[in-house]
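One structure is given below, encoded as structure tokens.
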Amino acid sequence: MYNFKITDEDFAVGYLNADSDSRHIRTGMGYKNAAKSMEITIDENIGLAWAGWGNMSCLTSYCGGQAVVVDRLRAKAEACPEHAADYQYIIDNMKKDDACGYIWEMQTKHERALWDTVTGWGGIWGGHAVPDFADYALIGTDGLREKINRYKDINIDIPDFYDGMLFMLDALDEIGQRIHDKAKEMYDAADTDEKRHKLARLVNTYDHCPKEPARTFAEAVCVFAMIFFLDGKDSPGHMDWYFGDIWDRSDYAESREALEDLWQYFHMMRAWNLCISGSDENWNDRTNTLSYEILDVCAKYKFNTPNLTMRCHRNTPEKLLRAAVKAIGSGTCMPTLYNDEAMCPALERLGIRPEHSHQYVMNGCNQVDIQGKSHMGLEDGEVNLGMAVEYAIFNGMNQTRKIKMGPETGDVSEFDTFEKFYEAVKTQLRYMIDCICLMSNKSQRHHAKYESNPLRSLTIEGCLEKGRDYREGGPLYNHGQILAHGVPDSIDSIAAIKKFVYDDKKYTFTEVRDALAANFEGYEEMYDTFRNSGLNFGNDIEYVDKIGGDFIDYYNSYLMTIPTTRGGFFSGGCSPTEDIARAGAAVWALPNGKKAGEQLYGDSIGATAGKDVNGPTALLKSCLAFDHTLPTSGFILNVRFDAALFNSEKGVEGFLSLYKAFFDGKGQQLSVTVLDREDLLDAKAHPENHQNLIVRVGGFSGYFTKLSPEIQDNVIARTDHFSM
């Protein structure tokens, strides 16, 4: 045991002096030792408290397990030379356990090039998950100890796994006691009744929690907020389901106040996804009182976070749908709507039982998990579909970097049929997917071998029963998810080649390749043809939609043939983030008329911004060309409606008709932005006047004025639908 003299790295001290080689013991002892000095924050305006790592340079998180900030440790050593040996000891003995850093360093030159060219990426981080964190509030740490010891007696060969969890629970009790004591001090010193009122909630809660179960919704909220922050501020999950019962048996006024405080807390913390409503495996609706309250709070505060999603199905109450439409029209762009009728069959393709598929939730931007039962990667990687077209045209060469990035699929001058070109695109896509999944699986193996997360593993079914961490195949379901960028751009490009090279024979493929290589300079007539062809996905054009359906279904189907290291299979989705502009800029000139460097790129499964000119019904019909029961990671469709129309009775009825037609056709998801184009243009020119303007970007909601100029242009360019 090393004799540390420092007092500012308690996680590292507990981890390294655990007197065990077990990663589970070390992590648990790290938590336990850190709990005595973690930074306790109490917000007396919302009556919630949390504990953070403060100035510690070594910590653990869901993102990447143990993290060691070497530069900060070296800075501390330089500032305090008398303790330099302690800091160096931590670096020497913990750096090897920094999973994300190690995984990045072990990537091959080609894998780094995939990142650099924005062809795709895989692995590195640990991914999102949605454990049953409500158990910490509803069962309490003493009840969880009983559960741990029960399985420890069954799996007698792996006591370290369970002991690590017990140490972690000791840490939670220590944090709870420290919150109680600090809240009591602040209560005694408070100068207003409002502050004393908020602080009394914490004092009363932590008088018995987290050891004992919460007695009221307000107490449950206090414990949940503490756990949520300690985990790393991920996704709350299905709050109306897990807190619905305690809501119903608690005082309404007290609970509503706590819910509003929690909503403000989630916004402060930039919480990810919170889900409401949905069906059970027999299609019974599970909407409850709390579902409506959450919708009401969302509409009241108009925050861009948390990302509220609502599950819909054949028996969704009309009252709930109209409340959701009202919230969307208020300017929140939320909730996004998910269709159980598509999502549950998609999950069941992976072998997930119906009683569990109907417990799905969204996390991160819009990825999909089974709450408390799975680790689905979320996301394990991304693939830029436009690159598959570029590499097929240029025989595996990346035109921006002038490096070989894909296999040699042949000179396009020798592609005498469309099928040969299309097969070349698919070959490039398969190669990209194979590389990305390999990168992900390498990361999964490393996380499974070297990381431990007792906080999550304790509340994900299967981990406790098997005695295995949630990254090690412990959960019931262990699949993976790879997301796609450039869905409409790749479809339009393939359709343009088929139309103008093979069907109409307007150009030879050699001419097209040369024009693209020149970024259309000197080929203005061809550029105008491609740019203004009208052959754009999202307009209910069978010629284009047939190609689109086949290509995207192929992408999703191929992924499902590749196993994950953690014990499942990969699957696809489309949930772009702000990276979409970077992905578009990285792709060279394409046959859809996109020029090299242009950042306008499809931000969902719908049309490239501004290309859907035949109305929203046509857009939705095109998107039904895809099989929505293939992707399992969120298949995002962004649609923008004119505010005046949407907020009229005619507009509401029209939207509900569109929604029902799309979801009856097994469409998976709808994300709606309700704004006028003029408002967006004014917000870009005068951001100071539009600080609270919210828009949908890929799979999340963001404040328009805080987005990059490139993303702002993408949102502005979307078609503004004036009719339903």
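Residue numbers (numbering that gives the first Met the number 0): 0 to 723. Cβ coordinates follow ideal geometry from the N, Cα and C atoms, glycine included. For clarity, every value in this text was computed on a predicted model and none was experimentally measured.
Beta-carbon spacing of A326, C364 below 7 angstroms: no
Buried versus exposed call for K108 [16 or more other C-beta atoms within 10 Å across all chains shown]: exposed
Separation of I41 from V612, as counted between CA atoms: 52 angstroms
Where the alpha helix (DSSP H) through M361 begins and ends: No alpha helix (DSSP H) contains M361, which is instead part of the beta strand (DSSP E) from Y359 to N362.
Opening and closing residue of the alpha helix (DSSP H) in which E381 lies: Counting along the chain, E381 falls outside any alpha helix (DSSP H), though it belongs to the beta strand (DSSP E) covering G380 to N383.
Span of the beta strand (DSSP E), counted from its first residue to its last, around L58: C57 to S60
Beta bridge counterpart(s) of T308 as assigned by DSSP: C274 and T335
Limits of the alpha helix (DSSP H) - the one that T288 falls within: T288 to Y300
Delimiting residues of the beta strand (DSSP E) encompassing Q366: Q366 to I369
Cα-Cα separation between V638 and R717, rounded to whole angstroms: 8 angstroms
Those runs of the alpha helix (DSSP H) which lie wholly inside the region 557-590 and span at least 4 residues: 579-585
N- and C-terminal bounds of the beta strand (DSSP E) containing E677: Not the beta strand (DSSP E): E677 falls in the alpha helix (DSSP H), residues R676 to A684.
Span of the beta strand (DSSP E), counted from its first residue to its last, around T40: E38 to D42
8 angstroms Cβ shell around A50 - same chain, five flanking residues per side excluded: A34, M37, E38, I39, T40, I174, R177, I178, M225, F228 and L229
Residues near K372 by beta carbon distance below 8 angstroms, same chain, minus five either side: H355, Q358, I459, E460, G461, P474, L475 and Y476
Cβ shell of F417 (< 6 angstroms), same chain only, five flanking positions each side left out: K497 and Y501
Proximity winner among E471, D488 and F568, relative to G350 (alpha-carbon distances): F568
Bridge partners - V67, DSSP secondary structure assignment: C57
DSSP state of N440 mapped onto helix, strand, coil: helix
Contact check, N531 vs K610, beta carbons under 7 angstroms: no
Chain D contact for W587 (CB, 7 angstroms cutoff): In summary, chain D is missing from the structure at hand, where a single protein chain is found.
Exposure of L15, with buried meaning 16 or more beta-carbon neighbours within 10 Å: buried
Delimiting residues of the beta strand (DSSP E) encompassing G119: G119 to G121
Rounded distance between the beta-carbons of D97 and A76, thought under 8 angstroms: Rounded, the Cβ-Cβ distance is 17 angstroms, inconsistent with contact.
C-alpha gap between P575 and I710, whole angstroms: 11 angstroms
Whole-number beta carbon distance between A495 and F519, since they are thought to touch under 8 angstroms: At roughly 13 angstroms, the Cβ-Cβ gap does not stay under 8 angstroms, so F519 and A495 are not in contact.
6 angstroms Cβ shell around Y86 - same chain, five flanking residues per side excluded: L72, K75 and A76
Span separating the alpha-carbon of I45 from that of G27: 30 angstroms
F550 versus S439, V388 and R512, residue with shortest Cα-Cα distance: V388
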